[in-house]
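According to my numbering, the sequence shown is numbered sequentially starting from 1. Heads up, the beta-carbon is just placed ideally off N, CA and C, and yes, glycines get one too. Computed from a predicted model, the values in this text were never measured in an experiment. All remarks here apply to the structure that follows.
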Amino acid sequence: MTEPSTTTLATTKLAPRGALVTGAGRGIGRGIALGLAAAGYRVGLVGRTRAALEETAMQVEAAGGSAVVAAADLIDATAVADAVARVEDALGGIGVLVNNAGVIERAEVDLVADDPEDAWRVIEVNVRGPLLLTHAVLPGMLARGSGRVLAVNSGAAYRPSTSYTGYGMSKGALARLTTMVDAQYRDRGIRTLDLSPGVVQTAMTASMPAHDGRTEWTDLADVVTLAVAFADGELDALSGRFVRAGVDTVEALRAAADRIVATDARRLRVPAYGDDDPMT
């Protein structure tokens with residue numbers, strides 16, 4: 001593992017090796033959980049379907065890792081608080097939160113053709129879930145003076161789309177949550193990051209007509225590499241910003257970190273149209 005820079009040592013040395021991963025029962029969430037376990041983290045697996053979470057736990061333990069399962073409805077505040085408390089107790093502290101669980105609309109259509117209730121379902125899962133998890137995990141992190149919150153986000157948060165309105169809205173809000181937590185708690189040892197997994201072969205991407213006939217996919221291993229690097233403190237300089245698996249590498253991001261920060265790149269903002277823009 002690459003040694004963390006001097007700017008990350010303060011948070012790295014205090015963070016417990018416990019990681020909570022939502023949506024860990026399948027797909028990207030399972031891959032990240034397995035990757036963190038292989039890197040020496042004790043993992044808490046949280047999601048709605050206990051059987052799927054237990055299957056992930058068995059894979060973690062078969063590989064010599066340690067896992068705890070806490071099934072919960074991620075939009076239920078009481079259930080989330082209980083799951084976080086159980087994971088905190090079992091792992092001896094949560095140093096890393098991975099907000100991975102998410103859904104997309106059932107139809108690839110524009111806003112007028114969309115079902116507003118289905119769009120709202122997507123927004124609720126993709127925004128309320130991470131909000132509740134982050135709210136529940138932060139007190140323990142702040143008490144220790146360290147912690148990292150990773151949001152599995154999407155390019156849909158940063159660019160417009162002709163379909164999946166609720167999904168785009170939800171991912172934009174998730175990106176703003178990442179920047180808000182960074183702004184509020186960076187000085188208290190919290191680091192955040194938005195990670196787009198690109199287009200990984202999952203049940204979700206298989207359901208999207210836009211990917212029919214696709215032959216090139218993002219390797220899940222690339223997603224896991226970035227997630228583990230963030231958990232280990234290698235990307236702390238980019239706190240509050242956005243990276244994409246399959247395009248970004250840990251080495252390239254570390255090399256470009258000063259330029260990214262100096263130009264205020266890789267995050268939501270309103271660019272000025274010139275030096276005379278009154279918004280500057």
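Residue i versus residue j - alpha carbon distance
i: S154; j: P130; result: 14 Å
i: G29; j: T56; result: 10 Å
i: T22; j: D276; result: 45 Å
i: N126; j: I104; result: 9 Å
i: D73; j: A81; result: 11 Å
i: I75; j: G65; result: 28 Å
i: Q59; j: G40; result: 14 Å
i: R254; j: A265; result: 14 Å
i: H135; j: V109; result: 33 Å
Burial state of residue i, where buried means 16 or more other Cβ atoms lie within 10 Å
i: G282; result: There is simply no residue 282 to check, as the chain begins at 1 and stops at 280 in what is shown.
i: Y167; result: buried
i: R279; result: A small correction: the amino acid at residue 279 is Met; Arg does not occupy that position in the sequence shown. Exposed is the call here.
i: V112; result: exposed
i: E88; result: buried
Per-residue DSSP class, three states only, for residue i
i: A107; result: coil
i: T8; result: Per-residue confidence for T8 stands at a pLDDT of 41, beneath the threshold of 50, marking its modelled position as unreliable; the derived number appears in the next sentence. Three-state DSSP puts T8 in coil, outside helix and strand.
i: D73; result: coil
i: G18; result: strand
i: R284; result: Absent from the model: residue 284. The displayed extent of the chain is 1 to 280, so no value can be given.
i: G44; result: strand
i: N126; result: helix
i: G26; result: Rather than Gly, the amino acid found at residue 26 in this sequence is Arg. Looking at R26 - three-state DSSP - the assignment turns out to be coil, as it is neither helix nor strand.
Opposing strand residues paired with residue i [DSSP bridges]
i: S196; result: R244
i: T56; result: DSSP, once it has assigned bridges, lists no residue as partnering T56.
i: G147; result: I190
i: V96; result: A19, R148
i: V68; result: G44
Residue i Cβ short of 6 Å to the ligand MG heavy atom set
i: G246; result: Questions concerning the ligand MG fall outside what the structure shown contains, since it holds no ligand whatsoever.
- Message: In chain order, what are the residue ranges of uninterrupted beta strand (DSSP E) at least 3 long that sit wholly in the segment 230-275?
- Response: 241-244
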